[in-house]
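Chemist:
There are 2 protein chains.
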Amino acid sequence: MMITTKGRNALKVMIDLAQHNDGANVSLTDIAERQHESAKYLEAVMGPLSAAGLVLSARGKSGGYRLAKPAEECSVGEIIVAAEGPLAPVSCLYSDVPCENAANCLSLPLWKELDEVIMNFLNAKKLSDLIK
Amino acid sequence: MMITTKGRNALKVMIDLAQHNDGANVSLTDIAERQHESAKYLEAVMGPLSAAGLVLSARGKSGGYRLAKPAEECSVGEIIVAAEGPLAPVSCLYSDVPCENAANCLSLPLWKELDEVIMNFLNAKKLSDLIK
DNA sequence: TATAATCATAGCGTATTAATAGGAATTCAA
DNA sequence: TTGAATTCCTATTAATACGCTATGATTATA
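This is how it looks when you write it as structure tokens:
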């Protein structure tokens with residue numbers, strides 16, 4: 001599986017934030033209740049999103065999260081990548097140790113193209129497209 | 001990862017078969033040697049390809065495998081699907097137990113589109129495109 | 001100062017994957 | 001008819017990733 005529940009839940013949370021995007025902080029407790037998820041688990045989901053600068057977080061009482069930029073400018077691609085890391089469809093791509101046969105591998109160009117096709121699609125989709 | 005080494009090796013073997021597609025049977029021992037893989041492991045790779053009708057197999061001495069149809073008519077998509085099963089980028093798709101929230105899931109249409117984008121790309125690529 | 005949050009870290013059970021192993025069945029050829 | 005070459009079948013193992021839970025520390029507001 002290329003996009004795991006981690007990425008799916010990240011998108012779920014971002015959609016929820018986009019639907020309650022009135023400038024106020026939205027707490028994980030609220031999101032968890034609406035989305036039927038454990039708030040504790042969502043914490044793990046938010047970390048990377050926050051680190052990537054996709055959401056702004058505020059600690060303490062009446063804290064929570066909110067979108068760092070308008071939903072029209074936030075692509076599904078950056079959400080998924082933030083949550084899961086580069087989602088290469090094949091482990092050859094983005095590998096620490098490149099395949100020693102890469103130079104004469106007949107498949108590698110194919111995988112690169114596939115990766116581009118996927119990322120182009122996901123980057124073109126914006127959060128605002130999903131909540132219509 | 002969406003396409004695992006099983007699928008990658010399946011494609012590798014199919015490329016090798018396409019490069020030695022003179023009507024004679026090609027044994028796994030030969031392929032394994034050329035591709036630096038264990039022949040035993042490749043056996044496991046061939047099973048699904050044979051079951052899917054992508055290759056023809058002949059047992060016994062001077063047996064082996066050969067392509068069931070010209071490389072121009074064999075798509076990368078069918079090879080990968082034969083080797084790995086439906087490669088849904090997200091587990092929601094092609095799941096035995098559909099998500100009970102599917103009816104009002106805002107992400108599901110996105111995942112379906114993504115799956116189409118991927119399969120359209122892979123089905124358009126033919127084995128002959130890779131060996132040029 | 002009490003409370004409501006985010007942040008950090010560790011752990012566990014399950015499933016998947018990659019790869020190996022041993023042998024059975026089949027076919028051809030000498 | 002025997003032997004060698006080959007595909008087929010079924011386990012098994014080791015490693016890894018994933019989903020999720022749990023515990024507590026830190027931070028900021030009311």
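Those protein sequences? They're chains A and B, same order as listed. The opening position of the first sequence corresponds to residue 1 in this note's numbering, with each subsequent residue numbered one higher. The opening position of the second sequence corresponds to residue 1 in this note's numbering, with each subsequent residue numbered one higher. From the three backbone atoms N, C-alpha and C, an ideal C-beta is built for every residue, glycine too.
Entirely within the segment 43-99 of chain A and at least 3 residues each: give me those beta strand (DSSP E) ranges in chain order.
Modeler: 55-58 and 64-67
Chemist: If you check the beta carbons only, do valine 90 of chain A and isoleucine 79 of chain B fall under 8 Å apart?
Modeler: Numbered from its first residue, the first sequence carries residue 90 of chain A at position 90. Numbered from its first residue, the second sequence carries residue 79 of chain B at position 79. Going by C-beta atoms, valine 90 of chain A is not nearer than 8 Å to isoleucine 79 of chain B.
Chemist: So, for leucine 67 of chain A: in the same chain, excluding its five sequence neighbours on each side, which residues have a beta-carbon less than 7 Å away from its beta-carbon?
Modeler: For the purposes of this step, residue 67 of chain A is identified with residue 67 of the first sequence, where counting begins at 1. Cβ within range, chain order: Leu17, Ala18, Asn21, Val55 and Cys74.
Chemist: Mind checking the segment 84-110 of chain B against chain A and listing, in chain order, the residues whose C-beta falls within less than 7 Å of any C-beta there?
Modeler: Pro89, Val90, Ser91, Leu106, Ser107 and Leu110
Chemist: Examine the Cβ distances between the segment 102-111 of chain B and the segment 38-56 of chain B and report whether three or more of them are shorter than 8 Å.
Modeler: Here the segment 102-111 of chain B makes no contact with the segment 38-56 of chain B; the two share fewer than three CB pairs at distances below 8 Å.
Chemist: Quickly, what does DSSP pair valine 26 of chain A with across the bridge? List them, please.
Modeler: Working through the first sequence from its first residue, we reach residue 26 of chain A at position 26. Paired residues: A/Tyr65.
Chemist: What residues of chain A sit near isoleucine 131 of chain B, judged by a beta carbon separation below 7 Å?
Modeler: To locate residue 131 of chain B, count along the second sequence from 1; it is residue 131. Per Cβ cutoff of 7 Å: Leu106.
Chemist: Hey, is the segment 125-132 of chain B in contact with the segment 6-17 of chain B, meaning 3+ C-beta pairs nearer than 8 Å?
Modeler: yes
Chemist: Would you mind reading off the limits of the alpha helix (DSSP H) that contains asparagine 123 of chain B?
Modeler: Residue numbering aside, residue 123 of chain B sits at position 123 when the second sequence is read from its first letter. Looking at the DSSP string, the run of the alpha helix (DSSP H) that includes asparagine 123 of chain B is 108-124.
Chemist: Taking DSSP's pairing of strands, which residues face isoleucine 3 of chain B in a bridge?
Modeler: Position 3 of the second sequence, counted from the start, is the residue given in the question as residue 3 of chain B. Paired residues: A/Val90.
Chemist: Just how far apart, CA to CA, sit proline 70 of chain B and valine 76 of chain B?
Modeler: Sequence index remark: in the second sequence, residue 70 of chain B carries index 70 (1-based). Sequence index remark: in the second sequence, residue 76 of chain B carries index 76 (1-based). Approximately 13 Å between the Cα atoms of the pair.
Chemist: Taking only the alpha-carbon atoms, compute the straight-line gap between alanine 10 of chain B and valine 45 of chain B and give it to the nearest angstrom.
Modeler: Position 10 of the second sequence, counted from the start, is the residue given in the question as residue 10 of chain B. Position 45 of the second sequence, counted from the start, is the residue given in the question as residue 45 of chain B. Near 6 Å, if we compare the C-alpha coordinates of valine 45 of chain B and alanine 10 of chain B.
Chemist: Taking 8 Å as the CB-CB cut-off, is lysine 12 of chain B touching chain A?
Modeler: Working through the second sequence from its first residue, we reach residue 12 of chain B at position 12. For lysine 12 of chain B, the answer is yes, since a Cβ of chain A falls inside 8 Å of its Cβ.
Chemist: Mapping DSSP to helix, strand and coil, what is glutamate 37 of chain B?
Modeler: Working through the second sequence from its first residue, we reach residue 37 of chain B at position 37. Looking at glutamate 37 of chain B - three-state DSSP - the assignment turns out to be coil, as it is neither helix nor strand.
Chemist: On a CA-only basis, which of A/Ile131, A/Lys12 and A/Thr5 is nearest glutamate 167 of chain A? Give me that one, please.
Modeler: Missing from the structure shown is residue 167 of chain A; chain A here goes from 1 to 132 and no further.
Chemist: Assuming contact is defined by CB atoms lying nearer than 8 Å, are lysine 6 of chain B and glutamine 35 of chain B in contact in what I supplied?
Modeler: As a working note, residue 6 of chain B is residue 6 in the second sequence. As a working note, residue 35 of chain B is residue 35 in the second sequence. At a Cβ-Cβ threshold of 8 Å, lysine 6 of chain B and glutamine 35 of chain B do not count as neighbours.
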